[in-house]
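J.: One structure coming up, written as C-alpha cells, with questions to follow.
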Amino acid sequence: MAPPPAQAVVEDNSGERASWFQVAPLVVVLLLFFGLPMLVVLAVSFFDFSRTEIIPAFIFDNYIDLFRSEVTFRLYASSLKFALIVWLVTLVLGFNIAYFLVFHVRGLLFQIGLFLLCTVPFLTSNIIRMISWIPFLGRNGIFNQALQGAGITSQPLEFLLFSDFAVIVAYVHLFTLFMVVPIFNSMARIDKSLLEAARDAGAGRFRVVAEVVLPLSRTGIALGSIFVVTLVMGDSFVVRTMSGGQSASVVSALQNEVAALQYPPAAASAVIMVIIVTLMVAAILRVVDVRKELAG
Amino acid sequence: MAPSTPPPNGEVAVVGVTKRFGETTAVRDLSLTIPHGSYCCLLGPSGCGKTTILRMIAGHEKPTSGDIRIGGQSVLGLPQVQRGTAMMFQSYALFPHRSVLDNVAFALKMRGASAAERHAKARELLTKVQLEKFGDRLPAQLSGGQQQRVALARALITNPRVLLLDEPLSALDEYLRLRMRGELRRVQKELGITFVHVTHTQLEAIAVADMVVVMAQGHIEQAASARDIFVAPRNAYVARFVGGQNVLAGSVESVMNGTAAVAGKNGMRYAIPVGERRPMRGSPLWGSIRRDRIAIEKIAPGAKPASGLNAVVGEVHTLENQGSYVKVTLDLGDSEEFVAHVLDETFFTQPLDIGERVVARWSASDVKLLADGPIAEETAPAGTAMATAG
Amino acid sequence: MHGDDTRPWTFYAFAAFFTLFVLFLYGPMIVIYILSFQGPNGGMTFPMNGVSLHWFSALVSQTRVGDIAGSFVRSLGLAAMVAVITVVLAVLAGLAFRRRFRGSAFAFYLAIASLIMPGLFVGLGIALTFRLLGLPTEWFTTGLGAQLTWTLPFGLLIMFAVLGRFNRSYEEAAIDLGASNWQKVKEVTLPILLPGIIGVALFGFTLSYDEIARTALAAGAKNTLPLEIWAMTTNVTSPTLYAVGAVTTIVSFIVIVLSLGSIALVQRRRAAAGARTE
Numbered sequence: 001m002a003p004p005p006a007q008a009v010v011e012d013n014s015g016e017r018a019s020w021f022q023v024a025p026l027v028v029v030l031l032l033f034f035g036l037p038m039l040v041v042l043a044v045s046f047f048d049f050s051r052t053e054i055i056p057a058f059i060f061d062n063y064i065d066l067f068r069s070e071v072t073f074r075l076y077a078s079s080l081k082f083a084l085i086v087w088l089v090t091l092v093l094g095f096n097i098a099y100f101l102v103f104h105v106r107g108l109l110f111q112i113g114l115f116l117l118c119t120v121p122f123l124t125s126n127i128i129r130m131i132s133w134i135p136f137l138g139r140n141g142i143f144n145q146a147l148q149g150a151g152i153t154s155q156p157l158e159f160l161l162f163s164d165f166a167v168i169v170a171y172v173h174l175f176t177l178f179m180v181v182p183i184f185n186s187m188a189r190i191d192k193s194l195l196e197a198a199r200d201a202g203a204g205r206f207r208v209v210a211e212v213v214l215p216l217s218r219t220g221i222a223l224g225s226i227f228v229v230t231l232v233m234g235d236s237f238v239v240r241t242m243s244g245g246q247s248a249s250v251v252s253a254l255q256n257e258v259a260a261l262q263y264p265p266a267a268a269s270a271v272i273m274v275i276i277v278t279l280m281v282a283a284i285l286r287v288v289d290v291r292k293e294l295a296g
Numbered sequence: 001m002a003p004s005t006p007p008p009n010g011e012v013a014v015v016g017v018t019k020r021f022g023e024t025t026a027v028r029d030l031s032l033t034i035p036h037g038s039y040c041c042l043l044g045p046s047g048c049g050k051t052t053i054l055r056m057i058a059g060h061e062k063p064t065s066g067d068i069r070i071g072g073q074s075v076l077g078l079p080q081v082q083r084g085t086a087m088m089f090q091s092y093a094l095f096p097h098r099s100v101l102d103n104v105a106f107a108l109k110m111r112g113a114s115a116a117e118r119h120a121k122a123r124e125l126l127t128k129v130q131l132e133k134f135g136d137r138l139p140a141q142l143s144g145g146q147q148q149r150v151a152l153a154r155a156l157i158t159n160p161r162v163l164l165l166d167e168p169l170s171a172l173d174e175y176l177r178l179r180m181r182g183e184l185r186r187v188q189k190e191l192g193i194t195f196v197h198v199t200h201t202q203l204e205a206i207a208v209a210d211m212v213v214v215m216a217q218g219h220i221e222q223a224a225s226a227r228d229i230f231v232a233p234r235n236a237y238v239a240r241f242v243g244g245q246n247v248l249a250g251s252v253e254s255v256m257n258g259t260a261a262v263a264g265k266n267g268m269r270y271a272i273p274v275g276e277r278r279p280m281r282g283s284p285l286w287g288s289i290r291r292d293r294i295a296i297e298k299i300a301p302g303a304k305p306a307s308g309l310n311a312v313v314g315e316v317h318t319l320e321n322q323g324s325y326v327k328v329t330l331d332l333g334d335s336e337e338f339v340a341h342v343l344d345e346t347f348f349t350q351p352l353d354i355g356e357r358v359v360a361r362w363s364a365s366d367v368k369l370l371a372d373g374p375i376a377e378e379t380a381p382a383g384t385a386m387a388t389a390g
Numbered sequence: 001m002h003g004d005d006t007r008p009w010t011f012y013a014f015a016a017f018f019t020l021f022v023l024f025l026y027g028p029m030i031v032i033y034i035l036s037f038q039g040p041n042g043g044m045t046f047p048m049n050g051v052s053l054h055w056f057s058a059l060v061s062q063t064r065v066g067d068i069a070g071s072f073v074r075s076l077g078l079a080a081m082v083a084v085i086t087v088v089l090a091v092l093a094g095l096a097f098r099r100r101f102r103g104s105a106f107a108f109y110l111a112i113a114s115l116i117m118p119g120l121f122v123g124l125g126i127a128l129t130f131r132l133l134g135l136p137t138e139w140f141t142t143g144l145g146a147q148l149t150w151t152l153p154f155g156l157l158i159m160f161a162v163l164g165r166f167n168r169s170y171e172e173a174a175i176d177l178g179a180s181n182w183q184k185v186k187e188v189t190l191p192i193l194l195p196g197i198i199g200v201a202l203f204g205f206t207l208s209y210d211e212i213a214r215t216a217l218a219a220g221a222k223n224t225l226p227l228e229i230w231a232m233t234t235n236v237t238s239p240t241l242y243a244v245g246a247v248t249t250i251v252s253f254i255v256i257v258l259s260l261g262s263i264a265l266v267q268r269r270r271a272a273a274g275a276r277t278e
C-alpha cells in the first residue's frame, strides 16, 4: 500500500510547501483523534487503577495479569478461530464473485449494476444487517420452520442462533464485500487477452485461473485479507449479539473492562491486540508486496 | 485564420539546456534555434527528450540549466500565458465537462472577457476550422479529427506566436492523419507563426516541416531542412532512423581522386566520396546510398556473381508492394538491413521471388559520406598536421 | 470465453452462485422489512399476525424504546458534518499526494493505520485522552473526531483511485490557456473530479451514519442512532427493532440513490469522453 507515484517531479520547494498545506488538515485531525489517543492508550496500559479512578504510574502489572490469565489465551484462540474461518469463507466467496463479475458478465453497464448490487448493503447499517439474521436463524425462525416443514428435522435446530455459527454467518454477511471489492479491482486490470492466450496455449479452465488469474489478483486478495482479518479481530459487537453472550472475543472482553471502568487493563489488552494484528498484517504483506504492485 | 497584424517575433532558441529528472538526464546540453515563422519537427524515438524540450518551451517543465528564449527574450520563470506560446496536447486534453464553444473560449474567459465577447471570438475560430455547427456539443460527441480541430482552435484563440504540438496526429487513424498533417501545414503558412511539432514518425516530419531536428538520447543528431535530412543524412543514426537510405560500412583500402575504396563484410566493396579528406588506410568509414537509386539484377542459377565496386550480392529476404514501387529487402549475410526501392514498372517486368540470389548495383556518384564518430576525423585533410592516431 | 455467443457451463454455475450470494445479502434484510409491518399482536418472526404500521408508530410514541427521534436527528447532523469535512480534507490531501513531498510516507501510513485500527480502540483512546485532559466527550466533538479517523482514510483511498485516472494534461492545458492556479482548480480539476468527490461524500455520510465501534466509547452521554439501536437489541424484543431498521435503511437508500443518481447524471454527459480524450 503506497500512495500513487508522484506524476511530476518537483524541484523547487513551492510545490512541496503547497502539498504540506493541503495534507496538513487531514494529518492534524488524524494525529489528534488517532495518533495521540493511541499514545495515551499505550501510556495508560502502564497505569495503576482503583475501583473509581486511574492512577498514573509505570507498572507492568496489567500485562503480567494479562499473560497469567488463562482467559486471555482462550479469548485469543476464539478470536483467531473466527478470523481464520471467516477469512477462508470470504476469500472463496469474494474470489468467485469477483471472477464472475469481471470475466463472465458482459457489458459494462450490467457489470457496474451487479457490482453496485453487491456494494449497496455495505452502505447500510451493519447492526440492522446483523439483527436481520435473528428472524432467520431463531428457534422458531424461518430456517427451522422450513427444515421442519420439509420434514428434514423434527426438532428445531438449536445451534443456528446465538452460537458460533450465527457469529460466522453474520461476519460473512458483513465482511465479504471487503474481499470482493479489492479482488474485483485487481481482476478488472487483467488484460482479457492473457486468458485467451493461456487457453490457446492449451490451459484448461481451472489451469487458467490457477496460472493467470490467481497470481495477477494477489494484490486484491492481500488487501481484502487485511480488511477481513482486522475487522474480525477488532470486532466486539457481532460476537456479543450473535452468540447471545456465549462466545467472546478479545475486544468484547475489553469492552466489558471498559464498562467496569478498568481502563489500564483494557489499554494493555488493546496494546497486545494491536501488536498481534500488526504482525498478521505484516505477514500478509510479506507474502504479497502490495506496495510494489500498487506503485507499478 | 490570418491575423490582422503580423505576429510578434516567434523565434525559439534553446540555449545549452540540460534537463534532469532525478538520476536520469532527459536532455543534455542541447542548443537549437528555430527561426521565426518556420515549421519545425522534433523527430526521434520515444524517450529521446523531444517532448521534454517542447514542455520546457511551453513552461510545463523547467530546465535544470540553460536558457529558453522566445523572440530573443528569455522566458525562464515567465508564466505560460506571458510566453506567447500555446500548446496542443497529445490527447488534446479537451475539457470533457465543457461544450466545444466553451473549450475554445476558455483562454478568453481566464482573461476576464465577457461571455458575449469570448463566444463571438470562439465562434469565429470554430468557423475557420469548419466546426461552427458543433459549438454546443461536448468533446466526447465529436470524432477524433473534429476533436483535433477543436484543440487547434482552442490553442489559436490567444493569437500565440509559437504553437507547440505534442504528437498531434498520433490519436488519429491513417486516413485522417494524412489529411490533417496537410491541414496543419496550411494553417501554419496562413498564420505565419512558428510551429514546433513533436513526432516519432519520419514521414510525418518530412511531409510537414521546413526544419527537421532528429534527436537521440537527449541530444541532436542532425538539424536540417526536411530535404537534407532525407537525401543527405549526416550520420548513420540519421540515415537509419529516417529511412530511405542504406548504410555502407567498411574499412578504407585506398583513397584516390577524392574517393575512398572501402571493404565491407563478405568481400563487398564500395566507393565513398570523401572530398578533401584523406582517411587512413584501415580506418572505418561510413557512407549512405538512397534506396531508390539501386538497380537489382537476377543472377542466373549457377552463374558466377559479378562482384566489383558498388555492388552487393545477396538473397531476396522480403518483398513489399508499396503501390508505386516495391520494397525489396536483401539478406547480405550481415546484420545491416539493405533495401532497394524498385519502381513498380521495372519490378513487374521481371518479378523477383523470395530466396532468389540477386546483385544490387548503384552509381558511385549517389553515395554520400556519413560523419560518424571521430573516425572520419582521424586523418586530417591534406596540408595540416596529422591528428593523433587512434 | 469472450466474443463467442454460447456461454460456457461455468457461466451458469457462477450465475447461480452469484444469485445465491445476492439472496444471502438481501434476503434477511428484506425479511425484517416485511416483519416490521407485523400486526400489533405479532412477534419477532413469522407468521405475520396481520399487517399494520403499529411498530412504526410505536417508534415515535413509546418512550420505553428510548430516544429514537433525538438520536436520529443527531446521526443525520453528524453524518452531514462528517461528509463535508471528509470531502474537503480528503480532496485536499489527495491533491497533495500527487507531488512528492517529505513526510508523505508518514501521512500515508498514519491514514492506513487509522483505517485498520480496531474501532473500539480508537474510541477508547479518545475517551481516555479527553478524560485525562478533563474535557467532556460529546457526539459532536469526540464522536465527530472518532468517525473522521475512519472516513478520512477511506476518502483518501477513493481520491487516490480517482486521481490515478485523472489526466494531468487537462490541468496543463488550463494553465497554458492562461488560468491561474485557483482558476485551474475551480474550472477544470474539481468539475472533472466531481463524480469521485460525490463518491467521497457518499462514503463519508453513510460510514458515519452507520458507525458504531469508534463512536461507542467516544460519543458521550447522548447516543447516535446506531448506538441507540445497539442498546435496543439487548432490551427490546418487539418488531419495533425492525421498524427502526426499515426507517434507517430507507434513509441510507435515499442517500445512495441521490449520490449515484447525480454521479450518473454527470457521467452520462461525458460518457464516451474517457475513451477518446484520456
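Chains as they are written, first to last, in the working numbering: chain A, 1 to 296; chain B, 1 to 390; chain C, 1 to 278.
Ideal Cβ positions, reconstructed from N, Cα and C, are used throughout, including at glycine.
#1: Using CA coordinates, which residue listed in B/265, B/286, B/268, B/267 is at the minimum distance from residue 274 of chain B?
#2: Write down every uninterrupted run of the alpha helix (DSSP H) in the segment 20 to 97 of chain A whose length is 4 residues or greater and which is fully enclosed by it, in chain order.
#3: Note down, in chain order, all residues in the segment 146 to 171 of chain A with a beta-carbon under 8 angstroms from any beta-carbon belonging to chain C.
#4: Which word fits residue 413 of chain B, buried or exposed, when buried means at least 16 other C-beta atoms lie within 10 angstroms of its C-beta?
#5: For chain C, is any of its Cβ atoms less than 8 angstroms away from the one on residue 26 of chain A?
#6: Between residue 120 of chain B and chain C, is there a C-beta pair that is closer than 8 angstroms?
#7: Can you tell me where the beta strand (DSSP E) holding residue 254 of chain B begins and where it ends?
#8: Of the residues B/304, B/338, B/364, which one's Cα is nearest the Cα of residue 272 of chain B?
#9: Could you give the DSSP three-state label for residue 118 of chain A: helix, strand or coil?
#10: Does DSSP put residue 87 of chain B in a helix, a strand or coil?
#11: Give the residues from the segment 132 to 152 of chain C that approach chain A closer than 8 angstroms (Cβ to any Cβ), ordered along the chain.
#12: How many angstroms separate the CA atom of residue 18 of chain C from the CA atom of residue 139 of chain A?
#13: In the DSSP output, which residue or residues are listed as bridge partners for residue 18 of chain B?
#14: Would you list, in chain order, the members of the segment 174 to 201 of chain C that have their beta-carbon closer than 7 angstroms to a beta-carbon of chain B?
#15: So, with DSSP's three-state summary, where would you put residue 196 of chain A?
#16: How many whole angstroms separate the CB atoms of residue 42 of chain B and residue 53 of chain B, which I take to be in contact at a CB cut-off of 8 angstroms?
#17: For chain C, find out if any of its Cβ atoms is closer than 8 angstroms to the Cβ of residue 110 of chain B; answer yes or no.
#18: Applying the criterion that 16 or more other CB atoms from any shown protein chain within 10 Å of the CB defines a buried residue, is residue 84 of chain C buried or exposed?
#19: Using a Cβ-Cβ distance under 8 angstroms, would residue 213 of chain C count as near chain A?
#20: Can you check whether the C-beta of residue 79 of chain A is within less than 8 angstroms of a C-beta belonging to chain C?
#21: Would DSSP call residue 79 of chain B helix, strand or coil?
#22: Which residue spans inside the segment 60 to 108 of chain C form an unbroken alpha helix (DSSP H) run of at least 4?
#23: Hey, is residue 104 of chain C's beta-carbon within less than 8 angstroms of any beta-carbon in chain B?
#24: By the 10 Å Cβ neighbour count, where 16 or more other Cβ atoms means buried, how is residue 35 of chain B classified, buried or exposed?
#25: What did DSSP end up calling residue 242 of chain A once you bin it into helix, strand or coil?
#26: Name, going along the chain, the residues of the segment 216 to 249 of chain A whose beta-carbon falls closer than 8 angstroms to a beta-carbon of chain C.
#27: Determine the burial state of residue 131 of chain A: buried for a count of at least 16 other Cβ atoms within 10 Å of its Cβ, exposed for fewer.
#28: In the DSSP assignment, the beta strand (DSSP E) including residue 34 of chain B goes from what residue to what residue?
#29: Start and end of the beta strand (DSSP E) containing residue 342 of chain B?
#30: Could you name the residues of the same chain whose beta carbon sits closer than 6 angstroms to that of residue 37 of chain C, not counting the 5 residues immediately before and after it, in chain order?
#31: Can you check whether the C-beta of residue 153 of chain B is within less than 8 angstroms of a C-beta belonging to chain C?
#32: Report buried or exposed for residue 377 of chain B, applying the criterion of at least 16 other Cβ atoms within 10 angstroms of its Cβ.
#33: At the 8 angstroms Cβ level, is residue 209 of chain A part of the contact set with chain C, yes or no?
#34: For the beta strand (DSSP E) that contains residue 288 of chain B, what are its first and last residues?
#35: Indicate whether at least one CB of chain C lies closer than 8 angstroms to the CB of residue 124 of chain A.
T.: Reading from the atomic positions:
#1: As a first step, residue 274 of chain B must be located in the second sequence, where it is residue number 274. Residue B/286 is the option with its Cα nearest to residue 274 of chain B.
#2: 36 to 44, 61 to 68
#3: none
#4: No information on residue 413 of chain B is available, as it lies outside the stretch 1 to 390 that chain B covers here.
#5: Taking the first sequence and counting its residues from 1, the one referred to as residue 26 of chain A is at position 26. Chain C contact via Cβ: present.
#6: Taking the first residue of the second sequence as 1, we reach residue 120 of chain B at position 120. So no, residue 120 of chain B is outside the interface.
#7: Here residue 254 of chain B refers to the residue found at position 254 of the second sequence. Taken as a continuous stretch (DSSP letters only), the beta strand (DSSP E) holding residue 254 of chain B covers 245 to 256.
#8: Counting from 1 along the second sequence, the entry for residue 272 of chain B is found at position 272. Of B/304, B/338, B/364, the residue nearest in Cα terms is B/364.
#9: As a first step, residue 118 of chain A must be located in the first sequence, where it is residue number 118. Reduced to three states, the DSSP call for residue 118 of chain A is helix.
#10: By 1-based counting over the second sequence, the position of residue 87 of chain B is 87. The answer is strand: DSSP assigns residue 87 of chain B an E or B state.
#11: 132, 142, 145, 146, 148, 149, 152
#12: What you label residue 18 of chain C is simply residue 18 of the third sequence in a count that begins at 1. What you label residue 139 of chain A is simply residue 139 of the first sequence in a count that begins at 1. So the alpha carbons of these two residues sit roughly 28 angstroms apart.
#13: Translated into the one-based positions of the second sequence, residue 18 of chain B becomes position 18. Per DSSP, B/65.
#14: 175, 176, 177, 178, 179, 183, 188, 191, 192
#15: Counting from 1 along the first sequence, the entry for residue 196 of chain A is found at position 196. Residue 196 of chain A: helix per DSSP, three-state reduction.
#16: In the second sequence, counting from the first residue as 1, residue 42 of chain B sits at position 42. In the second sequence, counting from the first residue as 1, residue 53 of chain B sits at position 53. Their Cβ separation, rounded to whole angstroms, is 6 angstroms, which keeps residue 42 of chain B and residue 53 of chain B in contact under 8 angstroms.
#17: Indexing the second sequence from 1 puts residue 110 of chain B at position 110. It does: the Cβ of residue 110 of chain B has a partner Cβ on chain C nearer than 8 angstroms.
#18: Taking the third sequence and counting its residues from 1, the one referred to as residue 84 of chain C is at position 84. With fewer than 16 other Cβ atoms within 10 Å, it is exposed.
#19: Translated into positions along the third sequence, residue 213 of chain C becomes position 213. Yes, residue 213 of chain C counts as interfacial toward chain A.
#20: Looking up residue 79 of chain A in the first sequence gives position 79. No, because no Cβ of chain C sits closer than 8 angstroms to the Cβ of residue 79 of chain A.
#21: Within the second sequence, the letter at position 79 stands for residue 79 of chain B. Residue 79 of chain B: coil per DSSP, three-state reduction.
#22: 68 to 96
#23: For the purposes of this step, residue 104 of chain C is taken as the residue at position 104 of the third sequence. No, residue 104 of chain C lies away from the interface with chain B (no Cβ there is under 8 angstroms from its Cβ).
#24: Locating residue 35 of chain B in the second sequence gives position 35, where the first residue counts as 1. With fewer than 16 other Cβ atoms within 10 Å, it is exposed.
#25: By one-based count along the first sequence, residue 242 of chain A stands at place 242. The answer is helix: DSSP assigns residue 242 of chain A an H, G or I state.
#26: 226, 227, 230, 233, 234, 235, 236, 237, 241
#27: In the first sequence, the residue the question calls residue 131 of chain A occupies position 131. Buried, by the Cβ-count rule.
#28: Stepping through the second sequence from its first residue, residue 34 of chain B is reached at position 34. Taken as a continuous stretch (DSSP letters only), the beta strand (DSSP E) holding residue 34 of chain B covers 24 to 34.
#29: In the second sequence, the residue the question calls residue 342 of chain B occupies position 342. Element bounds for residue 342 of chain B: 338 to 343.
#30: Along the third sequence, one-based indexing puts residue 37 of chain C at 37. Closer than 6 angstroms at Cβ, skipping near neighbours: 51.
#31: Along the second sequence, one-based indexing puts residue 153 of chain B at 153. Cβ-Cβ to chain C under 8 angstroms: no for residue 153 of chain B.
#32: In the second sequence, counting from the first residue as 1, residue 377 of chain B sits at position 377. Low local confidence applies: a pLDDT of 45 at residue 377 of chain B is under 50, so the model's placement there is unreliable, with the coordinate-based value given in what follows. So residue 377 of chain B ends up on the exposed side.
#33: Against the first sequence, residue 209 of chain A aligns to sequence position 209. No - not a single Cβ of chain C is within 8 angstroms of the one on residue 209 of chain A.
#34: Here residue 288 of chain B is taken as the residue at index 288 of the second sequence, counted from 1. Run containing residue 288 of chain B: 284 to 290, per the beta strand (DSSP E) assignment.
#35: Within the first sequence, residue 124 of chain A is the residue found at index 124, counting from 1. So yes, residue 124 of chain A belongs to the interface.
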